[in-house]
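All remarks here apply to the structure that follows.
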Amino acid sequence: MPSETHIYSTESIRPDQRFDFWRDVICDAYLPITCMTPNRSEFHGQISLTRLPRLNLSRVSGSPQHVRRSKSEIGRDRDAYFMISLQLSGTGAVVQAGREAVLAAGDFAAYSTIEPYEIRCETTVDQLILQVPRSAMLARLPQADLLTARRIQSTDGLGGMLSSQIRQSADLVAEQSELVQQHMRDLMIDYVATGLSSLAPSSLELSRPEQLLLNRAKAYVKANLRDHDLSRDSVARAMGMSARNLSRVFAREGQSIAGFIRAARLEAIALDLADPRLLRMSVTEIALRWGMPNAQHLSRLFKETYGVSPRAYRVEQQKMQ
0 MPSETHIYST ESIRPDQRFD FWRDVICDAY LPITCMTPNR SEFHGQISLT
50 RLPRLNLSRV SGSPQHVRRS KSEIGRDRDA YFMISLQLSG TGAVVQAGRE
100 AVLAAGDFAA YSTIEPYEIR CETTVDQLIL QVPRSAMLAR LPQADLLTAR
150 RIQSTDGLGG MLSSQIRQSA DLVAEQSELV QQHMRDLMID YVATGLSSLA
200 PSSLELSRPE QLLLNRAKAY VKANLRDHDL SRDSVARAMG MSARNLSRVF
250 AREGQSIAGF IRAARLEAIA LDLADPRLLR MSVTEIALRW GMPNAQHLSR
300 LFKETYGVSP RAYRVEQQKM Q
């Protein structure tokens, strides 16, 4: 079933109540934040929000505004995401960890919801925003926290291609079948991770043969997650090299083979737990199909990654659908 897109607009709201309405909508659509504007009396805004499993997409337009997420607001919220702002027109700025990314049309930047940040839009707002579970991004790019508030430029060849692909996918995804949506969701997250990877010094240290080897190894892991014997040694054998040498390549990107396998399995389990078609399968059955037979071990790892137990996560996801 195609996902529904919900539109929230101040157009039908009394002028003196528009900004209060907007603040309530923002927190409901995203997470606890503080929103300010230089001119409350003339404020207007619209959010077009599409919720997919493991990815929210929204287009935000409206009056100039300043959004801030403080430590106290982070403390009241247990969910963890990476947000990606893609500037559609005009300019905007993303500020986090002492860095500021000033975005022109087509540029994008990421920011983490577990650290304070600011979004500054001094002119009319026009942005596409992706809300990605933290675990999904870290499974692809373990050093993502080091790459927030850094601009991926649309004037760069790679950045321009990624920006265009993200925008086109966001325009089309809501009307696709569930299966197509799943693939498009993964592609959009991959596009963002690819853009951030282009900024990572550790990635730039890899030679082209090493990068190709790393890509092959990761693809092999994802294709064989259901193999209970999947391990550092089995991946190395499939790549035709020693486990030590393959581990060295992974380490230069800031991760381990075992850590990548674990993160990929947890993400696959989380996706199944969120799938209403699999409600008849128990948590244990889902874990077993992805090569994690130890229920106690799974529960501990899952809670460390997602903040709740697998069962609680399933309940939360079903309420959102």
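FYI, the numbering for the sequence shown is 0 to 320, going by numbering that gives the first Met the number 0. Ideal Cβ placement from N, Cα and C applies to all residues, glycine included. These numbers were taken from a predicted model, which means no experiment stands behind them.
Identify which residue in the options has its Cα closest to the Cα of residue i.
i    : options                   : result
R166 : S84, A138 and L272        : S84
L161 : L186, A138, L178 and E174 : L186
D106 : D125, R231, I113 and T112 : D125
V282 : Y80, A263, G253 and V314  : V314
E99  : G61, Y116 and A169        : Y116
G61  : R139, P37, A96 and V191   : P37
Y312 : S11, S230 and D78         : D78
D232 : S246, L198 and R53        : S246
W289 : R225, P208 and W21        : R225
I268 : I285, S88, S176 and V94   : I285
A222 : S176, A250 and F259       : F259
S168 : P141, H296, Q180 and L157 : Q180
L51  : E252, I256, P132 and T147 : P132
Who pairs with residue i in a beta bridge, going by DSSP?
i    : result
V131 : F81
S8   : Q45
E174 : Bridge partners of E174: none, in fact.
I25  : According to DSSP, which records beta bridges pairwise, I25 is partnered with nothing at all.
Which word fits residue i, buried or exposed, when buried means at least 16 other C-beta atoms lie within 10 angstroms of its C-beta?
i    : result
A135 : buried
E266 : buried
E3   : exposed
N55  : buried
L213 : buried
T122 : exposed
T154 : exposed
R184 : buried
L203 : Only weak support is given to the placement of L203: the predicted model assigns it a pLDDT of 43, under 50, and the value that follows is read from those uncertain coordinates. So L203 counts as exposed.
M35  : exposed
R310 : exposed
I6   : exposed
K217 : buried
E303 : exposed
In terms of residue numbering, what span does the beta strand (DSSP E) encompassing residue i cover?
i   : result
T33 : T33 to M35
Alpha helix (DSSP H) containing residue i: first to last residue?
i    : result
L224 : It is not in any alpha helix (DSSP H) - L224 carries neither H nor E in the DSSP assignment.
N244 : A242 to A250
E266 : I256 to A273
Y305 : A294 to Y305
L287 : V282 to R288
M238 : R231 to M238
D15  : D15 -> no alpha helix (DSSP H), and no H or E assigned at all.
Cβ of residue i within 7 Å of any heavy atom in the ligand SAH?
i   : result
L48 : Ligands displayed in this structure: none; no statement on the ligand SAH is therefore possible.
Practice item. List in chain order: all unbroken alpha helix (DSSP H) runs of 4+ residues lying wholly within the stretch 48-115. Key: 70-74
Review point. At which residue ranges does the stretch 120-164 contain complete beta strand (DSSP E) runs of 3 or more residues, listed in the order of the chain?
Key: 124-132
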